[in-house]
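Structure first, then comments.
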Amino acid sequence: MKIHFWGVRGSIPSPILSSQIQAKINAVVQRITPQDLESFDSRERFVANLPDWIYGTVGGNSPCIQLVTDEGKELILDAGSGIRVMGKNSTIPEDNHYSFFFSHFHWDHICGLPFFDFAFNPNVKIDIYSPFEHAREFLAQQMPSVNLFPVLWENFSRNFEFHTMEPGVTYTIDGIQVTSCKVSHPGDSYSYSFVDGSKKFVYATDIELMDMGDCNEEHLEAVFRDADVVVLDSQYTLEEAQSKEKWGHSAFCYAIDFAVKMNIKNVYLYHHEPTYDDKKLNSILSAAKWYSAYISQNKINVELAVEGADVEI
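In the working numbering, the protein residues as written are 54 to 366.
Written out as structure tokens, the structure is:
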């Protein structure tokens, strides 16, 4: 399996600002020395050694992940604004088919669907899976009339087929095993595990890990236990998570504690707070790595989910 991050922000798309670009340029100028400019090689070394928050960006599109199975089947996890970018920068699968899995239907996770170019291709078939019985109605509410969106839902969705999943039940979809579980979030949200051969990947956005009392422990175990890679909601700092109790999101330290409990090998911090810039997000990553090594004292690998990145599982 391989995943590609097309959108990693939470709540609302948050494109990089001119002021943030200027801050990156200023940081470069403050670091450079005459020796760094002496030759082509020295300039290349200087650029290569810049901190990640200066050299690149985590990205501003809202949630969308592309999962490609070992047999080449394509699964799409949520359809935030990142799916528009996917439609502009990828090709249609050979079998003209996508399987979509929605964690829930809050706007940041569905706002890109009407802008997904391949959905307008009459040869493309899209199967949509979720445990929500009214998934079709939730998506249709984005496109109820031409006064709100120029394409009507009934025209847009002609090649869509909807499937309702039962949490805790394992389904074989596109040749891999898929299981869902309900997690704590206003209006409910669902996490999914995808098992392809010996590898297990979990998509777990929009989850408040300190408020899981009403969740089915058996279902949680089935989805999360012994996962190789988990993309996990870590929207807040600890201070902000405590001040936003019941908002349905987590802090990085809660994510790591949960990963220890479930024997997870690799955690990708996800659903980044839209007000956090690249420098702050990279400081959160540093804090998370420190917390994992010295407080939890475990060998979990912790990374940031970064738009445009691939992860081989």
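Where a beta carbon is used, it is the ideal one built from N, C-alpha and C, also for glycine.
With 16 other Cβ atoms within 10 Å as the buried cut-off, status of residue i
i           : result
residue 295 : exposed
residue 219 : exposed
residue 93  : exposed
residue 79  : exposed
residue 137 : buried
residue 122 : buried
residue 224 : exposed
residue 27  : Nothing about residue 27 can be reported from this structure: the residues present for the chain run from 54 to 366 only.
residue 101 : exposed
residue 134 : buried
Cβ pair residue i, residue j closer than 7 Å
i           : j           : result
residue 362 : residue 154 : no
residue 249 : residue 229 : yes
residue 276 : residue 234 : yes
residue 114 : residue 60  : yes
residue 253 : residue 280 : yes
residue 282 : residue 335 : no
residue 243 : residue 184 : yes
residue 339 : residue 258 : no
residue 355 : residue 341 : yes
residue 118 : residue 130 : yes
residue 232 : residue 210 : no
Cβ-based neighbour list, residue i, same chain, cut-off 7 Å, excluding 5 preceding and 5 following
i           : result
residue 239 : 301
residue 365 : 55
residue 290 : 304 and 337
residue 176 : 149
residue 194 : none
residue 45  : This structure cannot settle anything about residue 45, because the visible part of the chain is limited to 54 through 366.
Residues of its chain near residue i, where Cβ-Cβ distance is below 8 Å and the 5 sequence neighbours each way are ignored
i           : result
residue 81  : 103 and 107
residue 126 : 146, 148, 150, 152, 227, 228 and 229
Minimum Cβ-Cβ distance from residue i to chain C less than 7 Å
i           : result
residue 321 : Although the question refers to chain C, the structure presented lacks it and comprises just one protein chain.
Nonlocal neighbours in the same chain, by C-beta distance under 6 Å from residue i, ignoring five residues either side
i          : result
residue 77 : 107
* What residue ranges within the region 125 to 150 form continuous beta strand (DSSP E) runs of no fewer than 3 residues, ordered along the chain? -> 127 to 130
* Asked: Are the region 258 to 272 and the region 167 to 180 touching, with three or more C-beta to C-beta distances below 8 Å?
  -> no
* Taking the runs of the alpha helix (DSSP H) that are 4 residues or longer, which of them lie wholly in the region 273 to 330? -> 291 to 296 and 305 to 315
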